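S.K.:
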Amino acid sequence: MKKVLLLRKGFKILVECGKKVSTHLGIIDTKKAKVGQKIKTHLGNEFFVVEPNLRDMMEKLKRGAQVILPKDMATIIAYTGLRPNWKVLDAGSGSAFSSIFLANFLEKGKVITCENDERFYRIALENIKFVGMKNIVLKKCDVKNIKEKNFNLILLDMENSDRVIEEMDKKLLIGGYIVVYSPTIDHMIKNLKSLKKTEKYEVQILENIIREWQYEKTLRPKTKGLMHTGFLIIARKVSE
Ligand SMILES: C[S@@+](CC[C@H](N)C(=O)[O-])C[C@H]1O[C@@H](n2cnc3c(N)ncnc32)[C@H](O)[C@@H]1O
Numbered sequence: 008m009k010k011v012l013l014l015r016k017g018f019k020i021l022v023e024c025g026k027k028v029s030t031h032l033g034i035i036d037t038k039k040a041k042v043g044q045k046i047k048t049h050l051g052n053e054f055f056v057v058e059p060n061l062r063d064m065m066e067k068l069k070r071g072a073q074v075i076l077p078k079d080m081a082t083i084i085a086y087t088g089l090r091p092n093w094k095v096l097d098a099g100s101g102s103a104f105s106s107i108f109l110a111n112f113l114e115k116g117k118v119i120t121c122e123n124d125e126r127f128y129r130i131a132l133e134n135i136k137f138v139g140m141k142n143i144v145l146k147k148c149d150v151k152n153i154k155e156k157n158f159n160l161i162l163l164d165m166e167n168s169d170r171v172i173e174e175m176d177k178k179l180l181i182g183g184y185i186v187v188y189s190p191t192i193d194h195m196i197k198n199l200k201s202l203k204k205t206e207k208y209e210v211q212i213l214e215n216i217i218r219e220w221q222y223e224k225t226l227r228p229k230t231k232g233l234m235h236t237g238f239l240i241i242a243r244k245v246s247e
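Numbering (this note's numbering), first residue to last: 8 to 247.
So, in structure tokens, the structure goes:
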């Protein structure tokens with residue numbers, strides 16, 4: 008069912024069109040909700056009806072395994088120069104956050120994602136259904152059993168990714184990228200070694216630190232915030 012975002016200052020709610028929704032500002036009959044127009048609750052409070060964006064949708068997703076957050080996904084997209092027609096492999100799926108983020112920019116391309124754990128597979132499936140993206144193919148299997156080839160980008164966010172790099176290399180186009188998300192230095196070093204062993208990759212290692220600022224009363228960085236998430240290995244295949 009089509010989803011719309013009902014928006015007013017300090018409050019937003021993602022709803023499926025056609026349902027009645029109760030809020031602290033009154034009941035809204037979303038049958039009458041039309042994008043670009045206003046809608047009133049039974050108490051007369053107004054909301055704007057807008058198309059939800061990726062962030063609005065992602066805030067509602069379930070989380071199972073640890074997810075890759077927008078700041079790191081944005082870095083992956085920027086440093087690989089992701090194009091709308093790319094074929095991407097994302098392993099493992101986890102909560103499918105990274106798959107959904109990438110698929111949002113693949114108008115003519117697709118993401119194949121695989122998960123070997125039943126519990127996370129179900130969460131990924133539910134999340135992909137929720138956002139309604141048709142360009143994500145979710146498979147319940149080990150990444151080693153993926154048959155497809157000719158990927159432009161292979162994103163590895165999983166334990167022991169260093170052990171599958173040699174195999175992944177066979178599935179990657181020249182000029183394409185293997186990106187490894189490493190929560191720890193140990194993980195990163197192991198993956199770096201596997202990539203170096205192939206002698207085919209130009210590698211960058213990145214850490215994206217982002218500071219949010221407060222602007223009410225005083226203007227300065229917030230005292231609390233997101234600290235370490237992960238390191239990114241961006242490896243481009245430059246030879247056969
Ligand atoms: C950290 S999560 C991935 C999170 C995902 N990138 C996201 O943003 O939602 C890692 C997932 O990889 C899965 N996994 C580990 N080894 C795997 C393998 N060999 N094949 C497929 N999935 C694997 C785990 O079960 C886990 O759900």
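Built from N, CA and C at the ideal position, the CB exists for glycine as well.
Since this is a predicted model, take the numbers as computed values, not measurements.
Starting from the C-beta of Asn52, find all residues in its chain whose C-beta is less than 6 Å away, skip the five residues before and the five after it, and write them out in chain order.
M.R.: The answer, listed in chain order, is Leu32 and Gly33.
S.K.: Quick one: Cα of Asp79 to Cα of Ile107, how far?
M.R.: So the alpha carbons of these two residues sit roughly 14 Å apart.
S.K.: From Lys117 to Leu226, what distance separates their C-alpha atoms?
M.R.: One C-alpha to the other measures close to 42 Å.
S.K.: So the candidates are Lys47, Gly99, Cys121 and Asn142; which of them puts its Cα closest to the Cα of Leu113?
M.R.: Per the Cα distances, Asn142.
S.K.: Under DSSP, the alpha helix (DSSP H) around Lys41 begins and ends at which residues?
M.R.: Looking at the DSSP string, Lys41 is not in any alpha helix (DSSP H), and its letter there is neither H nor E.
S.K.: Go to Arg15, then tell me how far its alpha helix (DSSP H) extends in each direction, as first and last residue.
M.R.: Taken as a continuous stretch (DSSP letters only), Arg15 belongs to no alpha helix (DSSP H), being part of the beta strand (DSSP E) at Lys10 to Arg15.
S.K.: By the three-class DSSP mapping on this structure, what secondary structure does Lys177 have?
M.R.: In the structure shown, Lys177 sits in a helix (DSSP, three-state: H, G or I).
S.K.: Assuming Lys94 and Phe158 form a contact by the criterion Cβ under 8 Å, report the distance between their Cβ atoms to the nearest whole angstrom.
M.R.: Contact flag correct, Cβ pair sits at about 5 Å.
S.K.: To the nearest angstrom, how far is it from the Cα of Arg70 to the Cα of Gly101?
M.R.: In a straight line, the C-alpha of Arg70 is about 8 Å away from that of Gly101.
S.K.: State yes or no: is the C-beta of Lys165 nearer than 6 Å to some heavy atom of ligand 1?
M.R.: Looking at the sequence provided, one finds Met at residue 165 rather than Lys. Yes, the Cβ of Met165 comes within 6 Å of a heavy atom of ligand 1.
S.K.: Check for me: the alpha helix (DSSP H) holding Ala81 runs from which residue to which?
M.R.: Start and end: Pro77 to Thr87.
S.K.: Do you know offhand how far Asp193's Cα is from His235's?
M.R.: Going from the Cα of Asp193 to the Cα of His235 covers about 15 Å.
S.K.: Would you mind working out which of Ile185, Asp97, Leu180 and Asn60 sits nearest Gly139, comparing C-alpha positions?
M.R.: Among Ile185, Asp97, Leu180 and Asn60, the Cα nearest to that of Gly139 belongs to Asn60.
S.K.: When the distance is taken between beta carbons, is Glu219 closer than 7 Å to Arg243?
M.R.: Cβ atoms of Arg243 and Glu219: not closer than 7 Å.
S.K.: Does DSSP classify Ser105 as helix, strand or coil?
M.R.: Helix, per DSSP.
S.K.: Do the CB positions of Val22 and Val42 come within less than 7 Å of each other?
M.R.: No. Outside cutoff.
S.K.: Classify Asn88: buried if its beta carbon has 16 or more other beta carbons within 10 angstroms, exposed otherwise.
M.R.: Here residue 88 turns out to be Gly, not Asn, going by the sequence shown. Exposed.
S.K.: Considering only the alpha carbon of each residue, which of Ile241, Lys146, Arg90 and Cys24 lies closest to Tyr184?
M.R.: Looking at the Cα atoms, Ile241 is the closest of the given residues.
S.K.: Let me check understanding here. Comparing Cα to Cα, which of Lys146, Asp97, Asp164 and Phe127 lies closest to Thr191?
M.R.: Looking at the Cα atoms, Asp164 is the closest of the given residues.
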